[in-house]
Each structure stands twice: as C-alpha cells, then as structure tokens.
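Novice: The sequence shown: position 16 = 376 (the numbering used here), numbered continuously.
We put the CB at the ideal spot given by N, CA and C, even for glycine.
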Amino acid sequence: MIRLLYSSQATQNITEQDIAEILEKSQKNNQEVGITGVLLYGGHLFMQVLEGPEQAVLKKYIAICEDERNSLNKIIYISYADKRMFGDWSMATIQCDQIAFQRIFDLNSRATETIAPESFRETMRDFLRRLNSAKKDH
C-alpha cells in the first residue's frame, strides 16, 4: 500500500455542488479499487491524500492530473504505508479556512526539501482530528 499527498489549483470556480459531485463519484470509484483518503479545499486550492494499492493510487493520480478542472498538480509526499490513516473514508472532504489551509501549503512550499515522515504524520493526524470532529457534527 502507498500513501500519496498532492496539491493542485482549480482552473475555474468550484462550487459546493461541484465538491459534492466530486465526493459522490470518488466514494463510489475509490471503494471499488480500495482507495481511501481525504480532499482538502479552500478557495481555488486543493490538497488530497490518497492511500491504497500502489497501482490503483497511481492510476487515480494520473486521472486527476488529466482532469481539466485542475492544474499545477504536484506530488508533495509519497511513501509505502503499513496502515491506513483514513480507513473509514473511501473519500471525505473538508473545507479549510485560509489559516488552516496555510499549514498544509507550507508543506508544499518546502518542495525542494525532504519532508520528515513525523512532520507528515503529525499534519495528517491534525487533519484526521478535524475530520473526526466534522463527522461528529454531521
């Protein structure tokens, strides 16, 4: 299994309806191929964690790169993983305010550096806490 974190930018205005449609389609398609993860979005910026079988995750990422709704796709982190961080979600979304999203994009700004695994794990744990909180609220 691998875990991949990437960032991208929307090429057009993305509405809440667009996000809902992306989520619905992703949940169905991801479940069929064993992918789990989370899509973070704020304004025109996106970050997504995909985890699952290597071939399925890489194929999904290629499809995302070919999607005309986004551009500037950039892999921030990719590694093998023994355990899922987002095992309960074939895909979940969380809207980030600018301050919360800045922490995520700070990882992206260090693109020429190696991101320490512990730093990545702590950031993902923070996302997971946010997602668990959001899930309880709904």
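(1) How should residue 452 be labelled, buried or exposed, when 16 other C-beta atoms within 10 angstroms of its C-beta is the threshold for buried?
(2) Rounded to whole angstroms, what's the CA-CA distance from residue 428 to residue 408? Just pull it up for me.
(3) Just how far apart, CA to CA, sit residue 484 and residue 416?
(4) If distances are taken between C-alpha atoms only, which option among 411, 391, 390, 425 comes closest to residue 367?
(5) Per DSSP, what kind of secondary structure is residue 431 in: helix, strand or coil?
(6) Counting pairs of beta carbons, one from the stretch 438-446 and one from the stretch 372-390, are three or more of them closer than 8 Å?
(7) Answer with buried or exposed for residue 373, where buried requires no fewer than 16 other C-beta atoms within 10 angstroms of its C-beta.
(8) Would you list the residues sitting across from residue 412 in a DSSP beta bridge?
Specialist: The short version:
(1) By the 16-neighbour rule on beta-carbons within 10 angstroms, residue 452 is buried.
(2) Here the C-alpha atom of residue 428 lies approximately 17 Å from the C-alpha atom of residue 408.
(3) The alpha-carbon separation between residue 484 and residue 416 amounts to approximately 21 Å.
(4) Nearest C-alpha to residue 367: 425.
(5) Strand at residue 431.
(6) Under the Cβ criterion (8 Å, minimum of three pairs), the stretch 438-446 does not count as touching the stretch 372-390.
(7) Counting other Cβ atoms within 10 Å of its Cβ, residue 373 stays below 16 and is therefore classed as exposed.
(8) According to DSSP, residue 412 bridges with 362.
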